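2 protein chains.
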Amino acid sequence: MKNWQLLDNSTMTLGFLTNRVGRLMSIHLKAKLDKEDFDMPGHCIGILADLWEKDGIIQQDLAISVVKDKATIARALELMEKQNIIVRIKDEKDKRNKKIFLTHKGRQLQHQVLSHGDSMMGEIDAMVSKEEMQTCLAVLSKVYYNLKDKL
Amino acid sequence: MKNWQLLDNSTMTLGFLTNRVGRLMSIHLKAKLDKEDFDMPGHCIGILADLWEKDGIIQQDLAISVVKDKATIARALELMEKQNIIVRIKDEKDKRNKKIFLTHKGRQLQHQVLSHGDSMMGEIDAMVSKEEMQTCLAVLSKVYYNLKDKL
DNA sequence: TGCGTTCCGTTGCAAACGCAACTAATTTCT
DNA sequence: AGAAATTAGTTGCGTTTGCAACGGAACGCA
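First to last, the sequence lines map onto chains H and A.
According to our numbering, the first sequence is numbered sequentially starting from 188.
According to our numbering, the second sequence is numbered sequentially starting from 188.
What follows is the structure in structure tokens.
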């Protein structure tokens, strides 16, 4: 339980914890979605998270934001386009770019995914206060934006 | 920057953030280790983190702790044994189990990895107070142990 | 204008992963 | 004690991933 405290290096601890918690939350979310018919591979959800905020983003920016290789993103988007979740439109201003837009179906998935997040939330904030969670998210955000810029 | 706040569901945000921060920290750590000669694949470091605390653990418990499939763990350990980082010793009390022990070389790697964590730490706690980091780690620990039990 | 550089997206390939099926060892139940 | 159920570890297979190499498009500077 507090074995983590034995590691005096909190950055190292943060690294291991975020990796494990990230995998755990993905597993739990996927399990909830599998109970319904959710016709999309789980590894695409991270991409959707970005599109829900900024529609029209290009693949390269998506790769940086999601922290995955641009090839991985390209293949995931190819899959999502086949399933009519997104469309890829060539930018006529700069023909190197492809802008990504959600379809109606893609926007509908947001409600479905977020509702499952709510149910997981219920289990979690029984043990963590709102202020603590807020602080945790703030710290993670700072680390996220800082390390992302240093790539 | 505060686009994350737009998502009113903080659990969902926590899920995406932990995944991304986890990947970012792995990438940065790996980059630092690559500059030296670190003769071990990066995906094994998460396993080492556990062994530094509890030597003699069996593979199955390692899989639960690291949040990876037991087959994945088995293959990683096979690799680590070939590189003389760990040894796998059959438990004579319960012959189904194999206990994992660090070799001298395995324990040496700890210092090397932790020192790089320190340097990453320097960059991070310039922007996050000790109390905030402590709160963040406490929240992640609670989520970790809670979700792990529900698998 | 032209050449070199940089940037975005795609493809090939090998590494890492999870799932399912299997073997062997132990525990549980009758 | 013996059969059934459970548990740990291994192996096969398809999926997901990152890295490197490539091609087309845009930019910079002479």
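For every residue, glycine included, the Cβ atom is placed at its ideal position computed from N, Cα and C.
Because the structure is a prediction, the values reported are computed rather than measured.
Of all the residues that make up the region 310 to 327 of chain A, which are near chain H by a beta-carbon distance shorter than 8 angstroms?
Glu310, Ile311, Asp312, Met314, Val315, Glu319, Met320, Gln321, Thr322, Cys323, Leu324, Ala325, Val326, Leu327
Name, going along the chain, the residues of the region 208 to 229 of chain A whose beta-carbon falls closer than 8 angstroms to a beta-carbon of chain H.
Val208, Gly209, Arg210, Leu211, Met212, Ser213, Ile214, His215, Leu216
Those residues which DSSP pairs with Phe288/A across a bridge
Walking along the second sequence from the start, residue 288/A turns up at place 101. Paired residue(s): Val274/A.
Can you list, in chain order, the residues of the region 292 to 310 of chain A whose Cβ is nearer than 8 angstroms to any Cβ on chain H?
Val300, Leu301, Gly304, Asp305, Met307, Met308, Glu310
Just confirm the distance between the C-beta atoms of Ile232/H and Gln246/H, as a whole number of angstroms; I'd bet it's less than 8 angstroms.
Position 45 of the first sequence, counted from the start, is the residue given in the question as residue 232/H. Position 59 of the first sequence, counted from the start, is the residue given in the question as residue 246/H. In fact, because the Cβ distance is near 17 angstroms, the residues do not count as touching under 8 angstroms.
Closer than 9 angstroms, Cβ to any Cβ of chain A: which residues of the region 251 to 269 of chain H, in chain order?
Ser252, Val253, Val254, Lys255
Determine the DSSP secondary structure at Ile244/A, reduced to helix, strand or coil.
In the second sequence, the residue the question calls residue 244/A occupies position 57. Ile244/A: coil per DSSP, three-state reduction.
Between which two residues does the alpha helix (DSSP H) harbouring Lys329/H extend?
In the first sequence, counting from the first residue as 1, residue 329/H sits at position 142. Its alpha helix (DSSP H) spans residues 317 to 336.
In whole angstroms, what separates the C-alpha of Glu319/H from that of Ile276/H?
The sequence position of residue 319/H within the first sequence is 132, counting from 1. The sequence position of residue 276/H within the first sequence is 89, counting from 1. Cα to Cα, the separation comes out at about 42 angstroms.
What first and last residue would you give for the alpha helix (DSSP H) that runs through Ala313/A?
Along the second sequence, read from residue 1 onward, the residue named residue 313/A stands at position 126. From DSSP, Ala313/A is part of no alpha helix (DSSP H); its letter is neither H nor E.
For Leu334/H, which of Phe288/A, Gly309/A, His291/A has the nearest alpha-carbon?
Here the question's residue 334/H lines up with position 147 in the first sequence. Comparing Cα positions, the closest option is Gly309/A.
Exposure label - Gly202/A; buried when at least 16 CB within 10 Å
On the second sequence, position 15 is the one that residue 202/A refers to. Answer is buried; the Cβ neighbour count reaches 16.
Between Asn190/H and chain A, is the shortest Cβ-Cβ distance under 7 angstroms, so that the two count as touching?
Taking the first sequence and counting its residues from 1, one reaches residue 190/H at position 3. With a pLDDT of 43 at Asn190/H, under the threshold of 50, the modelled position of that residue is not reliable, and no figure is offered here.
Using beta carbons (cut-off 7 angstroms, strictly below), is Leu249/H in contact with chain A?
Your numbering for residue 249/H matches position 62 in the first sequence. No, Leu249/H lies away from the interface with chain A (no Cβ there is under 7 angstroms from its Cβ).
Please report how far the alpha carbon of Tyr331/H lies from the alpha carbon of Lys280/A, in whole angstroms.
In the first sequence, the residue the question calls residue 331/H occupies position 144. In the second sequence, the residue the question calls residue 280/A occupies position 93. Going from the Cα of Tyr331/H to the Cα of Lys280/A covers about 46 angstroms.
Is Lys219/H closer than 7 angstroms to His303/H when the C-beta atoms are compared?
Sequence index remark: in the first sequence, residue 303/H carries index 116 (1-based). Sequence index remark: in the first sequence, residue 219/H carries index 32 (1-based). It is a contact, given that the beta carbons lie within the stated cut-off.
Using 10 angstroms around the beta-carbon of Ser197/H, count the other beta-carbons present and answer buried if the total reaches 16, otherwise exposed.
On the first sequence, residue 197/H is found 10 positions in, with the first residue counted as 1. Burial call: buried.
Determine the direct distance from the alpha carbon of His215/A to that of Thr200/H, and round the result to whole angstroms.
One-based indexing of the first sequence puts residue 200/H at position 13. One-based indexing of the second sequence puts residue 215/A at position 28. Cα to Cα, the separation comes out at about 14 angstroms.
For Thr205/A and chain H, any beta-carbon pair shorter than 7 angstroms?
Walking along the second sequence from the start, residue 205/A turns up at place 18. Answer yes: the Cβ-Cβ gap between Thr205/A and chain H drops below 7 angstroms somewhere.
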